[in-house]
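Report on the following structure.
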Amino acid sequence: MNVLNQFIQHVIANSLFKKTDKLLIAVSGGVDSIVLCDLCFHAGFNFEIAHCNFQLRGEDSEADEKFVIELANKYNVKHQVVKFDTEKYAAEHKQNIQLAARNLRYEWFNDIISNDSSITNILTAHHADDNLETILMNFFKGTGINGLKGIQSNHAGIGGKIVRPLLFANKSELIEYAQLNKCQWREDVSNESDKYTRNFFRNQIIPLIENVIPEAKANVQNNIKRFNEIAVIYDAAILNIKSKLLERKGNEIHIPVLKLLKIDAFETILFEIIKSYNFTSLQLKDAVHLLYADSGKYVMSGTHRILKNRNWLIISPNETQDESFFIIESDTKIVHFGSNKLSIENISSTQFSNDSSIALLDLKNVQFPLMLRKWKQGDYFYPLGMLKKKKLSRFFIDIKLSLLEKENTWVIESNKKIIWVVGKRIDNRFKITDSTESVLKLNLISSK
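Structure (structure tokens):
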């Protein structure tokens, strides 16, 4: 069966798109995207062309752009071209050139879709060899079963409108098609450079494997469907285990250590939990060590932390609050801090309250401005009902606070004296009495 017939049958069998759809083909000028255009043209699909000029190869980049415009004229279809200062973008965002180019490309695609709702799909020319390279790179970098699924025909990005209809064909088949149908294309010399990981696998690793196992490409291609089906079963099992194991408390995930250790393949389960919070496979070993570590030990990703607290692992977001303190003036009414807010008002009533979220203080003893801040080592106060001072670290032990609760404890101080351990206890020196005339009411309101 020739490539054109295979292409049509692949599109139909996988319901990738229809003759009535409006397609936008991402065209670099290389043989893969040129063949994709030619196949869509001869199959009778309605398409336009989009080209990114990343301005990375000087005159060659300009020649690629001119070539793609001429290609659009050849097929008598509309085209869109954009120029990017990729090196500047990469430097500003601290990304390598490949990642910067990819991000710029998909950001542009997203803009196109947002501005033209008639476009049903964006087509890219990823093929079977790209799939093999992706699977091998994922495997050696470290991945779960989902990393072995390879490139998907339908991509979740940009509203699920990205489609890769050439995954059935390998590179040599596309080149053969281009030669037989006298398609012209542009060669990107950067594809020969092994400084890029994908090129290294393409030019060095895979040929070495084929020297030993000539059918390696075909074997992996045949296994891709099996990997995808295994992943469906695997994901369902993981979801079931997570639903029974994890406890969500606000923006924290709590994992019972003893319960986790009783599960077969608990390390795999742990990895599937933590990878959603930007922990890598290389950090799995450290996360496993936490299961047996003392309280207070932790592992961090760029966005989250896993903390060992007694018989629990607690996953929580890294602290992102830029301000370490807030100033409260006498006329301040509301302060937002962390995931909470604090209301401040003066009242005349001297009624008492047992609500720990409310502090009633004798206003005559309070000196503004007040400071709201996180507690720190060395802090002390005189807990309500006591005439002797107590360090907060000792107070937390007495009331059995967890490590996370300690870290998230704030205090309010007046003239360098702590008047309230927020949500816990007021200072005895500022309590209201029968002689109190005016009361400062502080009310902690949680947004969780």
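The sequence shown begins at 1 in this note's numbering and counts up by one. Quick reminder that beta carbons are idealized off the backbone N, C-alpha and C, glycines included. Quick caveat, the model's predicted, so the values are computed rather than measured.
{"Query": "Alpha-carbon spacing of A72 relative to I49, whole angstroms", "Result": "7 Å"}
{"Query": "Terminal residues of the beta strand (DSSP E) in which M300 lies", "Result": "298 to 300"}
{"Query": "Integer Cβ distance of G142 from L282, believed to fall under 8 Å", "Result": "6 Å"}
{"Query": "Boundaries of the alpha helix (DSSP H) in which W375 is found, first to last residue", "Result": "Where W375 is concerned, there is no enclosing alpha helix (DSSP H), given that its DSSP letter is neither H nor E."}
{"Query": "Three-state secondary structure assigned by DSSP to E329", "Result": "coil"}
{"Query": "Inside the region 228 to 301 only - alpha helix (DSSP H) runs reaching at least 4 residues", "Result": "257 to 261, 266 to 274, 284 to 290"}
{"Query": "Sequence ranges, alpha helix (DSSP H) only - wholly within the region 78 to 128, length at least 4", "Result": "86 to 92, 97 to 115"}
{"Query": "Inter-residue spacing [alpha-carbon to alpha-carbon] between H42 and I158", "Result": "27 Å"}
{"Query": "S414, DSSP secondary structure in three states", "Result": "strand"}
{"Query": "Reduced DSSP category for I432 - H, G, I as helix; E, B as strand; rest coil", "Result": "coil"}
{"Query": "Alpha helix (DSSP H) segment containing E65, residue limits", "Result": "59 to 75"}
{"Query": "Cut-off 7 Å between Cβ atoms - residues of its own chain near H10, not counting five sequence neighbours on either side", "Result": "P165, F168"}
{"Query": "H79, buried or exposed, once every other Cβ within 10 Å from all chains shown has been counted against 16", "Result": "buried"}
{"Query": "DSSP-derived helix/strand/coil call for V335", "Result": "strand"}
{"Query": "A293 versus K275: straight-line alpha-carbon distance, rounded", "Result": "20 Å"}
{"Query": "Extent of the continuous beta strand (DSSP E) run through R305", "Result": "304 to 309"}
{"Query": "Residue burial classification, Q377 (beta-carbon count within 10 angstroms, cutoff 16)", "Result": "exposed"}
{"Query": "Rounded separation between P317 and R102 - CA only", "Result": "28 Å"}
{"Query": "Cut-off 6 Å between Cβ atoms - residues of its own chain near G29, not counting five sequence neighbours on either side", "Result": "D64, F67, V68, R186"}
{"Query": "Contacts around F266, its chain only, beta-carbon distance under 6 Å, and the 5 residues preceding and following it disregarded", "Result": "L260"}
{"Query": "Best match in T120, A100, I122, P256 for proximity to Q55 [C-alpha to C-alpha]", "Result": "A100"}
{"Query": "Supposed close pair D129, N170 - CB separation, criterion 8 Å", "Result": "5 Å"}
{"Query": "Inter-residue Cα distance where the pair is S301 and S153", "Result": "31 Å"}
{"Query": "Q6 versus H126: straight-line alpha-carbon distance, rounded", "Result": "16 Å"}
{"Query": "Within 8 Å, strictly: CB atoms of K22 and T124", "Result": "no"}
{"Query": "Three-state secondary structure assigned by DSSP to P511", "Result": "Limits of the chain in this structure are 1 at one end and 448 at the other, which puts residue 511 out of reach."}
{"Query": "Cβ-based neighbour list, E413, same chain, cut-off 8 Å, excluding 5 preceding and 5 following", "Result": "L370, M371, R373, I419"}
{"Query": "C-alpha gap between R305 and S243, whole angstroms", "Result": "21 Å"}
{"Query": "Residues that P383 bridges to, as DSSP identifies them", "Result": "D427"}
{"Query": "C-alpha distance - K4 paired with H93, whole-angstrom precision", "Result": "It should be noted that the sequence gives Leu, not Lys, for residue 4. Roughly 41 Å between the two C-alpha positions."}
{"Query": "Where I213 falls: helix, strand or coil (DSSP)", "Result": "coil"}
{"Query": "Inter-stretch contact at 8 Å, needing at least 3 Cβ pairs: the region 195 to 211 / the region 104 to 122", "Result": "no"}
{"Query": "Residues near R470 by beta carbon distance below 6 Å, same chain, minus five either side", "Result": "This structure cannot speak to residue 470, because the chain is shown only from 1 to 448."}
{"Query": "The region 104 to 113 in contact with the region 237 to 251 per 3-pair CB rule at 8 Å", "Result": "no"}
{"Query": "Classification of S33 by the beta-carbon crowding that lies within 10 angstroms, buried from 16 upward", "Result": "buried"}
{"Query": "Straight-line gap, V335 to I344 (C-alpha atoms, nearest Å)", "Result": "8 Å"}
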